[in-house]
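Notes follow once the structure below has been shown.
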Amino acid sequence: MTASNTNILSRIPSLRSLLVFNAAARHLNQVRAAEELCLTQSALSRQLKSLEEHLGVQLFERGPRGLRFTQEGELLYDFTSRAFALMGEGINRLGITTERHTLVVSVARGFAQRVLAPRLGEFVSAHPQIDLHIDIHRYYADLESSGADISIRLGVGDWDDYHSVKITDDALVPVCAPPIAERIKGREDIPDDIIVLRNREREYLDTWMLHPRVRRIPTEGRMSLSFNDSATLISALESGVGIAVSRSSLVSDALESGSLVRPFEGEIKDGLDYYAVSSRRSRRNAVVSLFMQWLEAKFESSFSAATVRKTAPRSPH
Numbered sequence: 102m103t104a105s106n107t108n109i110l111s112r113i114p115s116l117r118s119l120l121v122f123n124a125a126a127r128h129l130n131q132v133r134a135a136e137e138l139c140l141t142q143s144a145l146s147r148q149l150k151s152l153e154e155h156l157g158v159q160l161f162e163r164g165p166r167g168l169r170f171t172q173e174g175e176l177l178y179d180f181t182s183r184a185f186a187l188m189g190e191g192i193n194r195l196g197i198t199t200e201r202h203t204l205v206v207s208v209a210r211g212f213a214q215r216v217l218a219p220r221l222g223e224f225v226s227a228h229p230q231i232d233l234h235i236d237i238h239r240y241y242a243d244l245e246s247s248g249a250d251i252s253i254r255l256g257v258g259d260w261d262d263y264h265s266v267k268i269t270d271d272a273l274v275p276v277c278a279p280p281i282a283e284r285i286k287g288r289e290d291i292p293d294d295i296i297v298l299r300n301r302e303r304e305y306l307d308t309w310m311l312h313p314r315v316r317r318i319p320t321e322g323r324m325s326l327s328f329n330d331s332a333t334l335i336s337a338l339e340s341g342v343g344i345a346v347s348r349s350s351l352v353s354d355a356l357e358s359g360s361l362v363r364p365f366e367g368e369i370k371d372g373l374d375y376y377a378v379s380s381r382r383s384r385r386n387a388v389v390s391l392f393m394q395w396l397e398a399k400f401e402s403s404f405s406a407a408t409v410r411k412t413a414p415r416s417p418h
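Under this note's numbering, read the sequence shown as residues 102 to 418, first letter to last.
Okay, structure coming up:
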């Protein structure tokens, strides 16, 4: 080993101190981080101080409301989180034999197209020994007779005797393309010639109109267009066809990219979320467990209602 390599290794902190830092960085709260690690708050604080002294930089600013990153702390968290994710993938691979495995996941078309498909490449690249089959359906698959190992479905999580993982924290939100939002902005009433889009299988607009504290989207005497598929409805919205009420998880990426915006504030919780549900026969299947864990980690915070609060920009005063 060269002298330069020895110097680099002596600079790297202990794995334990990096684990403590990573927990504190995820929570930005010493109490919650200490609870996760089964440490006292004072022990965790000492570990962080020791790490800062070892590196010669301050990683956090301490305040009465918790921790805040310094520039150095945010940079270190970016690297440590990726490092731990990479180690986790390696450890997971040790638990699965190198022989090929088939995994069948049954998913509603809207969620498959708008949410799941753009993210699946990450899982397949990390686990090339798994042949992943996505089975698109309009209705819930019978897990015991359909051949599916996992079903991703919308509900309240009350599937007895099945293992389920909640993967979204949904709200109903109004959405439209930016040009439509420009026509609505600053107006008390939505122009009569703006088309209202509906989902025939999920009457989100009716749920919206029954809520007492949201802005009305009147439908009487107005042009309307209905679909029996969320993905097609959202594509029409992105093309500037009109306005609709949608599940926040299905439009999160579109809001992030700017192809859709929220023309005005307001959201409703209808109690439904997307869950990944595994069958009884595959409960102890290592590949099924691996995909369920990936879903839980991938979607832990990606589709909370808080991530889709993008509204149309206001006109300058």
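Note that the Cβ used here is the ideal one computed from N, Cα and C, for glycine as well.
Since we're looking at a predicted model, the values are computed, not measured.
Just to confirm the assignment, what range does the alpha helix (DSSP H) spanning K150 have?
Residues Q142 to L156.
Using beta-carbon positions only, say whether E397 and V266 come within less than 8 Å of one another.
Yes, the pair counts as a contact, with Cβ atoms nearer than the cut-off.
Going by DSSP, name the residue or residues bridged to K370.
Partner(s): none; K370 has no beta bridge.
Assuming A56 contacts R215 (C-beta within less than 8 Å), just tell me the rounded distance between them.
In the structure as shown, the chain begins at 102 and stops at 418. Residue 56 is therefore absent and cannot be evaluated.
Just reading off the alpha helix (DSSP H) that L244 is part of, what are its end residues?
Bounds of any alpha helix (DSSP H) do not take in L244, whose DSSP letter is neither H nor E.
If you run the structure through DSSP and keep just helix, strand and coil, what is F365?
In the structure shown, F365 sits in coil (DSSP, three-state: anything other than H, G, I, E or B).
K399 in three-state terms, based on DSSP:
The three-state secondary structure of K399, taken from DSSP, is helix.
So what does DSSP say about S115, is it helix, strand or coil?
Here S115 sits in coil by DSSP.
When burial is assigned at 16 or more other CB atoms within 10 Å of the CB, is S143 buried or exposed?
That one is exposed.
To the nearest angstrom, how far is the alpha carbon of E368 from that of S350?
Straight-line Cα distance between these residues: approximately 13 Å.
Determine the contact status of P364 and A272, defining contact as a CB-CB distance below 8 Å.
Pairing P364 with A272 gives a Cβ-Cβ distance that is not under 8 Å.
I need the DSSP call for R183, collapsed to helix, strand or coil.
Note: R183 maps to helix in three-state DSSP.
Measuring straight from C-alpha to C-alpha, what distance separates H338 and A125?
Residue 338 is actually Leu in this sequence, not His. About 41 Å.
Run the CB neighbour count on A407, radius 10 Å, all protein chains shown included, and call it buried at 16 or more, exposed below.
For A407, the predicted structure reports a pLDDT of 39, less than 50, and the residue's modelled location is therefore unreliable. The matter cannot be settled from this model.
Note down the Cα distance separating V389 from Q230, rounded to an integer number of angstroms.
A direct Cα-Cα distance of roughly 13 Å separates V389 from Q230.
In the DSSP assignment, find the beta strand (DSSP E) that holds V208 and state where it starts and stops.
Run containing V208: H202 to A209, per the beta strand (DSSP E) assignment.
Could you pull out every unbroken beta strand (DSSP E) segment of at least 3 residues lying fully inside the stretch 284-366, listed in chain order?
Entirely contained in the stretch 284-366, the beta strand (DSSP E) runs reaching 3 residues are, in chain order, 296-300, 325-328 and 343-348.
So for R215, helix, strand or coil by DSSP?
Correct three-state label for R215: helix.
Please state the DSSP three-state secondary structure of Y178.
Of the three classes helix, strand and coil, the one that applies to Y178 here is helix, per DSSP.
Could you say which of R303, I344 and K370 lies nearest to L361 if we only look at CA atoms?
Proximity to L361 across R303, I344 and K370 peaks at I344, based on C-alpha coordinates.
Taking 8 Å as the threshold (C-beta atoms), are I251 and V206 in contact?
When the beta-carbon positions are compared, V206 and I251 come within less than 8 Å of each other.
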